[in-house]
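Colleague: So that we are looking at the same thing, I have put the structure below in structure tokens.
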DNA sequence: GTGCAATACTTAGCCTAGCTAACTTAAACT
DNA sequence: AGTTTAAGTTAGCTAGGCTAAGTATTGCAC
């Protein structure tokens, strides 16, 4: 078992391939889980960016990988649904801020609970050792994905 | 450190919460990675279901968590782009099958390479121990997500 | 073996979610 | 004061989702 640079590189490659496969699976799974929901996945995702306070349009667009006009329309629909309100930033009149309403927070929490309940159900089918392996990997996943 | 049933349940719950947070991150990340791509994420995803041979419309719709009419339209666009061809099943004239074209396979492979390269780049920033934790968790993730 | 229910899709019409190009307004920098 | 840059919005296009309704084929009942 040598540990040359070339060897490490091929390990990384194989790991990336496996991880890619798992990501495909989980994306498909999450799509199936959220199908037939009133608030869309994308809307929940935007609401999720607002938990720690108001955000600017530009920030939201960047975080979600969409252009500004797309975020404008997303937010407009969320406003129409009463889930967020638009606001202004004192000091720069160009900036628009977006903030959760109580109803928005409620919807967000409901979606969160749905996903967590789904995951918990699946997790409870695993063995203690399997869950321990996941717990050990979580900080790494965090580092990897942020 | 007791190991009662109630304790295990709360462990599962906390694990589900963390996993949920990581999943949110990775979904955002993947969206940012595939933004500005010619073939959409959803199209790549459907192409990915065809690697092991032709599939029926109904199967594809179920796998991707969409209704049949949605899959009809998705496949129509893929046909128009020359990435798949429609076929028939001998024995049941109602069934429509969908199969990759060489160009479809090519696009699929390109998308796969993009994602794998992206992941490999990030993975290579991790320590050997961190990657080992991921390797240990991969089979569990597979069990969890399929 | 005819009739009818179920199965497998498609079409039509509606909404959401993404894009670019072009516009408006406000800030910032000569 | 005048121009450039920054922050959003509007308009118009395409992709991706849904339901309702239609078509054709299969399979089953009798």
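Residue numbers (this note's numbering), protein chains in the order written: chain A, -18 to 127; chain B, -18 to 127.
A virtual CB, placed ideally from N, CA and C, is assigned to each residue, including glycine.
All of these numbers come straight from a predicted model, not from anything done at the bench.
Taking DSSP as the reference, what is the three-state secondary structure of residue 47(B)?
Modeller: Residue numbering aside, residue 47(B) sits at position 66 when the second chain is read from its first letter. Three-state result, residue 47(B): coil.
Colleague: Quick one: is residue 88(B) buried, meaning 16 or more other Cβ sit within 10 Å of its Cβ, or exposed?
Modeller: To locate residue 88(B), count along the second chain from 1; it is residue 107. So residue 88(B) counts as buried.
Colleague: Compare the C-beta of residue 1(B) with all C-beta atoms of chain A and state if any pair is closer than 8 Å.
Modeller: Taking the first residue of the second chain as 1, we reach residue 1(B) at position 20. Yes, its Cβ sits closer than 8 Å to a Cβ of chain A.
Colleague: Beta-carbon of residue 81(A) versus every beta-carbon of chain B: anything under 8 Å?
Modeller: For the purposes of this step, residue 81(A) is identified with residue 100 of the first chain, where counting begins at 1. Judged by the 8 Å Cβ criterion, residue 81(A) is not in contact with chain B.
Colleague: In whole angstroms, what is the alpha-carbon distance linking residue 30(B) and residue 36(B)?
Modeller: Taking the second chain and counting its residues from 1, one reaches residue 30(B) at position 49. Taking the second chain and counting its residues from 1, one reaches residue 36(B) at position 55. For residue 30(B) and residue 36(B), the distance between alpha carbons rounds to 8 Å.
Colleague: Could you tell me which whole beta strand (DSSP E) segments of length 3 or greater appear in the stretch 7 to 73 of chain A?
Modeller: Entirely contained in the stretch 7 to 73 of chain A, the beta strand (DSSP E) runs reaching 3 residues are, in chain order, 65 to 70.
Colleague: Is there a Cβ from chain A that is less than 8 Å from the Cβ of residue 85(B)?
Modeller: Position 104 of the second chain holds residue 85(B). It does not: the Cβ of residue 85(B) has no partner Cβ on chain A nearer than 8 Å.
Colleague: Within a Cβ cutoff of 8 Å, which residues of the same chain sit near residue 12(B), ignoring the five residues on either side of it in sequence?
Modeller: Locating residue 12(B) in the second chain gives position 31, where the first residue counts as 1. Taken in chain order, the residues that qualify are 22.
Colleague: What first and last residue would you give for the alpha helix (DSSP H) that runs through residue 91(B)?
Modeller: Sequence index remark: in the second chain, residue 91(B) carries index 110 (1-based). Counting along the chain, the alpha helix (DSSP H) containing residue 91(B) begins and ends at 83 to 104.
Colleague: What does residue 121(A) reach in chain B if we use C-beta pairs closer than 7 Å?
Modeller: For the purposes of this step, residue 121(A) is taken as the residue at position 140 of the first chain. Chain B residues near residue 121(A): 107, 111, 114 and 115.
Colleague: So what does residue 78(B) bridge to, in DSSP terms?
Modeller: For the purposes of this step, residue 78(B) is taken as the residue at position 97 of the second chain. Its beta-bridge partners are 37(B) and 68(B).
Colleague: Specify the secondary structure class of residue 4(A) as computed by DSSP and reduced to three states.
Modeller: The residue labelled residue 4(A) in the question sits at position 23 within the first chain. It is helical.
Colleague: With distances taken Cα to Cα, identify the nearest neighbour of residue 19(B) among 106(B), 92(B) and 112(B).
Modeller: Residue 19(B) sits at position 38 when you count from the first residue of the second chain. Closest option to residue 19(B), Cα to Cα, is 92(B).
Colleague: Quick one: Cα of residue 34(A) to Cα of residue 76(A), how far?
Modeller: The count along the first chain starts at 1 and reaches residue 34(A) at position 53. The count along the first chain starts at 1 and reaches residue 76(A) at position 95. Whole-angstrom Cα-Cα distance: 15 Å.
Colleague: Check whether the Cβ atoms of residue 96(B) and residue 14(B) lie closer than 8 Å to each other.
Modeller: The residue labelled residue 96(B) in the question sits at position 115 within the second chain. The residue labelled residue 14(B) in the question sits at position 33 within the second chain. Contact flag set, yes.
Colleague: Following the continuous alpha helix (DSSP H) through residue 107(A), name the residue where it begins and the one where it ends.
Modeller: Here residue 107(A) refers to the residue found at position 126 when the first chain is read from its first residue. Taken as a continuous stretch (DSSP letters only), residue 107(A) belongs to no alpha helix (DSSP H), as it is neither H nor E.
Colleague: Please decide whether residue -6(A) counts as near chain B, where near means a Cβ-Cβ distance under 8 Å.
Modeller: Taking the first residue of the first chain as 1, we reach residue -6(A) at position 13. Closer than 8 Å: yes.
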